[in-house]
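Quick note: the sequence shown uses my numbering, first residue 647, plus one each step. Even for Gly, the Cβ is constructed at its ideal location relative to N, Cα and C.
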Amino acid sequence: MTDRYAVFGNPIGHSKSPRIHALFAKQTGQDISYEAILAPTDGFAAALHAFAAAKGGPAKGANVTVPFKEEAFRLATRRTARAEAAGAVNTLSFEAGAIIGDNTDGAGLVRDLKNNLGCDPAGRRILLLGAGGAARGVILPLLLENPAELVVANRTEETAARLALEFARLPGCALSVKPDGIGFAGLTGRAFDLVINATSAGLSGAVLPLPTSVFAPRCVAYEMVYGRATPFMDQAQAAGARVADGLGMLVEQAAEAFFVWRGVRPRTARVLAVLREQA
Ligand code: ATR
């Protein structure tokens, strides 16, 4: 019997995940199916349970995307440390009555940086823009790479400060976000080797009021949004930074989920190239 997987979201029509997982399954010879399921905004739990109970092969897991990641976190009966740190779950595994919640987004970003972009976060001065769910999800995996510093800056300064403080006090973790989060104005005169845009500003085409100084020479500017050129990418390019979009993170978080479920790590370079060709 074919093991079944799905991605839940709203909207979900344009999700690339079914295509990505189909390519991974073909490459690794794993017998799985993977479908996209549109859940009503107030009906995620019901849709997930219906999927788990449906006939046609055992349901083994699911990916979860906007706007259900926090609900998936609450629904999970057990959670990994990286899911706890993220406060959100994008990968569920169904195991003998348990629903295990994981979060592969941060690992996906780190893998994309290191393996696809040749940008090892170790020793780098990192600026993380944004203090919402997307930013929160990548802080622990970035800290574990031992950057020289990690600064969180956000339009609403208090939100950045709160987030930074939370990670400064992470139980059992010697690493911390330093200094406390700041607003964009506080970035004046500061320079970073890696600037990651985890705000949703790119989706609305909004320009971030960033001083050009944040982009150090040979800086990598990473935009989590993919499929469009955002004002942040334009700003970074004009400042001489090397610019990357979030398509690699999408493929790598999927590969990490595939590994969690199947114990096999797919090779991602060809899959990423196929998606770029189709973009
Ligand atoms: P996500 O899950 O994508 O992180 P979110 O939790 O709603 O979504 O967070 C959105 C983030 O993008 C926030 O950091 C938000 O800044 P505020 O805390 O000040 O609201 C940021 N953001 C969205 N639009 C922005 C804009 N036009 N300029 C600057 N920051 C913006």
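Within 6 Å of the C-beta of T876 there is not a single heavy atom belonging to the ligand ATR. The closest heavy atom of the ligand ATR lies 6 Å or more from the beta carbon of R720. Only residues of its own chain outside the window of five on either side were considered, and among them F690 have a CB closer than 6 Å to the CB of E717, listed in chain order.
When secondary structure is reduced to three states using DSSP, N656 falls in the coil class, being assigned neither helix nor strand.
With a cutoff of 6 Å, R801 counts as near the ligand ATR, since its C-beta is closer than that to a heavy atom of the ligand. DSSP links S679 through a beta bridge to R650. Residue pairing for T737: DSSP places it in a beta bridge opposite N709, D748. DSSP places F714 outside any beta strand (DSSP E), giving it a letter other than H or E.
Not one heavy atom of the ligand ATR lies closer than 6 Å to the C-beta of G832.
DSSP places P793 outside both helix and strand once states are collapsed to three, so it counts as coil. One Cα belongs to S859, the other to R782, and the distance between them is close to 24 Å. It is roughly 15 Å from the alpha-carbon of R911 to the alpha-carbon of I678. Classified as buried, T750 has 16 or more neighbouring CB atoms from the shown chains inside 10 Å of its CB. By the Cβ-count criterion, P686 is exposed, with fewer than 16 other Cβ atoms from all chains shown falling within 10 Å of its own Cβ. Across the structure, A768 and L840 are spaced so that their CA atoms are roughly 11 Å apart. Apart from the 5 residues on each side of it in sequence, P704 sits with its Cβ closer than 7 Å to the Cβ of M647, D649, R650 in its chain, given in chain order.
Inclusion of G778 in the 6 Å shell around the ligand ATR follows from its C-beta lying nearer than that to a non-hydrogen atom of the ligand.
K662 is classed as buried because its beta carbon has at least 16 other beta carbons within 10 Å across all chains shown.
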